[in-house]
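Letter by letter, the sequence shown follows residues 26 to 591 in this note's numbering.
I have placed the structure first, in the form of structure tokens, so that the comments after it can refer back to it.
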Amino acid sequence: MNPGRKLNTASLVLIFSILVLVVVVAVPVILIFITAFFENGKFNLSGVMKILMDPDTYQALLNSVVIASGVTLVSTTIGTFFAWLVARTDLPFKKVMKALFLVPFMLPSFIGALAWKVLLSPRAGYINKLLMAMFGLERAPIDIMSLGGIIVIESMYLFPFVFLQVAGALERMDPTLEESARISGAGLGTITRKITLPLVMPSILAGALLVALYSLSHFGVPSILGTEKGIYNIPTKIYERIYASGGSFGAIRVGTILSMILVISAALILKLQDFLLKKGQYQIIAGKSMRPMVLKLRGLKIPLLVVSLIYIGVTVVLPTVTIFMVGGLKTYGLPFALKSMTWDNYLKIFQWKMTRDAIWNSVYLSLGSAFVTMLAGTMISYVIVKMKVRGKFLLQFLGVLPFSLPGTVIALGVILTWSGKFGVNLYNTPWIIFVAYIARYMAFSIKSNSASLSQVSDSLEEASRACGATHWQSLKDIVIPLIKPGMISAFFLIFLPALRELTTSVLLYGPTTRTIGVAIYALNEDGETVRAAALASIALVIIFMGETIIRKFLAQLDKPRAKVEE
26 MNPGRKLNTA SLVLIFSILV LVVVVAVPVI LIFITAFFEN GKFNLSGVMK ILMDPDTYQA
86 LLNSVVIASG VTLVSTTIGT FFAWLVARTD LPFKKVMKAL FLVPFMLPSF IGALAWKVLL
146 SPRAGYINKL LMAMFGLERA PIDIMSLGGI IVIESMYLFP FVFLQVAGAL ERMDPTLEES
206 ARISGAGLGT ITRKITLPLV MPSILAGALL VALYSLSHFG VPSILGTEKG IYNIPTKIYE
266 RIYASGGSFG AIRVGTILSM ILVISAALIL KLQDFLLKKG QYQIIAGKSM RPMVLKLRGL
326 KIPLLVVSLI YIGVTVVLPT VTIFMVGGLK TYGLPFALKS MTWDNYLKIF QWKMTRDAIW
386 NSVYLSLGSA FVTMLAGTMI SYVIVKMKVR GKFLLQFLGV LPFSLPGTVI ALGVILTWSG
446 KFGVNLYNTP WIIFVAYIAR YMAFSIKSNS ASLSQVSDSL EEASRACGAT HWQSLKDIVI
506 PLIKPGMISA FFLIFLPALR ELTTSVLLYG PTTRTIGVAI YALNEDGETV RAAALASIAL
566 VIIFMGETII RKFLAQLDKP RAKVEE
């Protein structure tokens, strides 16, 4: 084959790949900066400073910092403790417990917030009413609709970020130092405090910073538990400003300025994470075969198992059961008794046009965006991994960029790009949500497909080309079949988060384009708690079924590969 033609073909594929990412990622982000700093074509720093110095902005920023700090501290403490318990002790049923600790990561946090609002709101919370009746109290003893409540509920759903990071490090850690300390007479507490925790500190910090990044951009929990009491963080303040003005350009510009705070915060957090990980490269993994030291809990074994089960019960089982029970009430506020329950709410979910459309919108938008993003990510990953051309770093940077940006920022950028500015107006249509999902989840596809492609030897393609096959035939008959499991994994990695997404779509939906998350949020805001709970229950069933099917499907894909390895 002519080398010049090969280079030209590679360059064309590279240009097309960059074009995809520029259109769906780079242009929206650039427009946010331009809109924030330029007004009527002129640089306007004074306007930016005026908004940033506004007392409401300051209070929202302060709330964001307080919530993120509290959530990071609580999540890191809980995640580190349970990771140590599962990875380094003889806790019974460790595999089951590890799986259970990851369940909150799979559940939509805003549905959990809705459940806890039902249980612990100061006016009508079922647990508060029970405690007031039991102890003769005049006021509710617990107010979940507060900064403290937001911190606690967010921590329930974000601690798995720390748990995964720390558990992985503990399971791979060389136990030599711990064993030496134990032989020297050190106790369990001393070994953990002076040896184990310092060695896995980089992983703890990495998980903590990831929690901080997510908490700063979190919309669902603060919106459900905070806005009714006037507690706003930056994402909920952006939503309030835009929808209070009916989506005017002036309000969108205010939103872009507030988004700058999130962008700068995300950049600082990611830079700090990178610095800490590079600086803290402790050699905790030895080259020899090893088995981490398992600490004997002795008399604490059963009590700690009970504590773990109680935690899972409170954070997963209780709110989930509450959502299903409230969804079955004839009227919100009735006691949880058989005579107060009905199946009508669940049946009517599929009869009410708004909820029926929301389910349909979420399903086809999630499936469609997952499929398109999977294909685009495969193409981009092929350029990154297999082609020797200049400019590949642009693809890597643009592909990962949306993953590090809050969903609110992505949504505002998409609004600015696809609302007629370039002759294409997708506002108030499903397509604008579709484009936003592609931008938001492109990193998932690129990471999954790049990992698969890096395992495919270049010699396979070279042999195919030497036998006379075209480039396309080599891809179709050799590369794509080999990376199919990675492509399917990418599809599901996008489909499930998109199915339960709220932060991005809440700024993009129109009268007929609500998604499940938006519909639950809107029903709750309108005081339709029973309907919101019923729809949330249906959403949980769909998510559970989806995750079960995905696990079985991926397990079936792994069987042939396991046989080949044997």
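Think of the CB as a built atom: it goes at the ideal place given N, C-alpha and C, for glycine as much as any other residue.
Keep in mind that this is a model prediction, so the values were computed, not measured.
- Message: Judging by CA-CA distance, which residue of GLY212, VAL177 and THR367 is the nearest neighbour of GLY95?
- Response: Taking the Cα of GLY95 as reference, the smallest distance to any Cα among GLY212, VAL177 and THR367 is reached at VAL177.
- Limits of the unbroken alpha helix (DSSP H) element including ALA51: Element bounds for ALA51: n/a, residue is neither H nor E.
- Item | Strand pairing of MET226, partner residues [DSSP] | Listed as beta-bridge partners of MET226 by DSSP are no residues whatsoever.
- Task: Label LYS313 either buried or exposed according to how many other C-beta atoms from any shown protein chain fall within 10 Å of its C-beta, with 16 as the threshold for buried.
- Result: Because the pLDDT of LYS313 is 47, which lies under 50, any placement of that residue in the model is unreliable, and the question is left without a value.
- Along the chain, where does the alpha helix (DSSP H) that runs through LYS120 open and close? LYS120 -> alpha helix (DSSP H) spans 119 to 126.
- Where LEU325 and LEU144 are concerned, what is the direct C-alpha to C-alpha distance, given to the nearest angstrom? Each residue's CA atom was taken as its position, placing LEU325 and LEU144 some 31 Å apart.
- Item | DSSP three-state assignment for PHE418, whether helix, strand or coil | In this structure, PHE418 counts as helix in the three-state DSSP scheme.
- Message: So, with DSSP's three-state summary, where would you put LYS219?
- Response: Helix at LYS219.
- Item | Classification of LEU518 by the beta-carbon crowding that lies within 10 angstroms, buried from 16 upward | LEU518 should be labelled buried.
- Item | Ordered list of alpha helix (DSSP H) runs contained in the region 93 to 160, each at least 4 residues | Segments of the alpha helix (DSSP H) lying fully in the region 93 to 160: 119 to 126, 128 to 131, 134 to 145 and 151 to 160.
- Item | Local conformation of LYS373 per DSSP, three classes | In the three-state reduction of the DSSP assignment, LYS373 falls in the helix class.
- Alpha carbon to alpha carbon, what distance is there between SER387 and ILE513? Computed Cα separation, rounded: 19 Å.
- Query: Under 8 Å, do THR540 and GLU526 count as touching if we go by C-beta distance?
  - Reply: Taking 8 Å as the cut-off, the Cβ atoms of THR540 and GLU526 count as close.
- Query: Around the C-beta of GLN306, are 16 or more other C-beta atoms found within 10 angstroms, so that it is buried, or is it exposed?
  - Reply: Reliability fails at GLN306, whose pLDDT of 49 lies under 50, so the model's placement of it is uncertain and the value that follows must be treated cautiously. So GLN306 ends up on the exposed side.
- Message: Tell me which residue opens and which closes the alpha helix (DSSP H) that ARG525 is part of.
- Response: From DSSP, ARG525 is part of no alpha helix (DSSP H); its letter is neither H nor E.
- Query: Who does SER444 pair with in a DSSP beta bridge?
  - Reply: For SER444, DSSP records a beta bridge to ASN450.
- Query: For GLY150, does the count of other Cβ atoms within 10 angstroms reach 16, so buried, or fall short, so exposed?
  - Reply: By the 10 Å Cβ count, GLY150 comes out buried.
- Please list, in chain order, all residues of the same chain as GLN308 whose beta carbon is under 6 Å from its beta carbon, the five residues on each side excluded. Because GLN308 carries a pLDDT of 45, less than 50, the predicted location of this residue cannot be relied on, and no value is offered for it.
- Item | Buried or exposed (CB count within 10 angstroms, at least 16 for buried), LYS262 | Counting Cβ neighbours within 10 Å, LYS262 comes out buried, since at least 16 surround it.
- With hydrogens ignored, establish whether the beta-carbon of ILE505 is closer than 7 Å to any heavy atom of the ligand GTP. For the structure depicted, the ligand GTP is absent and the ligand set is empty, with no information on it obtainable.
- Query: Nearest to PHE244 by alpha carbon, out of VAL555, THR529 and SER562?
  - Reply: Shortest Cα-Cα distance from PHE244 to any of VAL555, THR529 and SER562 involves THR529.
- Query: Looking at the structure shown, is PHE361 part of a helix, part of a strand, or coil, going by DSSP?
  - Reply: If DSSP states are grouped into helix, strand and coil, PHE361 belongs with coil.
- Would you kindly check if the distance between the Cβ of THR60 and the Cβ of ARG278 is under 8 Å? Result yes, Cβ atoms of ARG278 and THR60 sit closer than 8 Å.
- Query: How many Å lie between LEU46 and LEU295 at the Cα?
  - Reply: Going by C-alpha positions, LEU46 is about 21 Å away from LEU295.
- Identity of the residue in ARG113, LYS254, THR215 and LEU234 nearest GLU196 by Cα: Ranking the options by Cα distance to GLU196, first place goes to ARG113.
- Item | Rounded straight-line distance, which links the Cα of VAL90 to that of PHE62 | Cα to Cα, PHE62 sits roughly 24 Å from VAL90.
- Task: Drop a sphere of 10 angstroms on the beta-carbon of LYS123, count the other beta-carbons inside from all chains shown, and report buried for 16 or more, exposed for fewer.
- Result: Around the CB of LYS123, 16 or more other CB atoms lie within 10 Å, so the residue is classed as buried.
- How would you call SER209, buried or exposed, if buried means at least 16 neighbouring beta carbons within 10 angstroms? Its Cβ having fewer than 16 others within 10 Å, SER209 is exposed.
- Message: As a quick exercise: from LEU139, VAL54 and VAL50, pick the residue whose alpha carbon is nearest that of ALA561.
- Response: Nearest C-alpha to ALA561: LEU139.
- Message: So, for ARG266: in the same chain, excluding its five sequence neighbours on each side, which residues have a beta-carbon less than 7 Å away from its beta-carbon?
- Response: In the same chain as ARG266, and ignoring 5 residues on each side of it, the C-beta atoms closer than 7 Å to its own belong to ALA276, VAL279 and GLY280, in chain order.
- CA-to-CA distance, ILE471 to ASN258, given in whole angstroms: Near 31 Å, if we compare the C-alpha coordinates of ILE471 and ASN258.
- Where do the N-terminal and C-terminal ends of the alpha helix (DSSP H) with ARG490 fall, by residue? Counting along the chain, the alpha helix (DSSP H) containing ARG490 begins and ends at 483 to 491.
- Query: What whole-angstrom Cβ distance do ALA291 and ALA93 have, given they're in contact under 8 Å?
  - Reply: Taking 8 Å as the upper bound for CB-CB distance, ALA291 and ALA93 are not in contact here, some 11 Å apart.
- Query: Does the distance from the CB of SER100 to the CB of SER180 come in under 8 Å?
  - Reply: For SER100 and SER180, yes; Cβs fall inside 8 Å.
- Message: Rounded to the nearest angstrom, what separates LEU37 and TRP497 at their Cα positions?
- Response: If you take the alpha carbons of LEU37 and TRP497, they lie about 14 Å apart.
- Message: What would DSSP say about GLU3, mapped onto helix, strand or coil?
- Response: Given a span of 26 to 591 for the chain in the structure shown, any question on residue 3 remains unanswerable.
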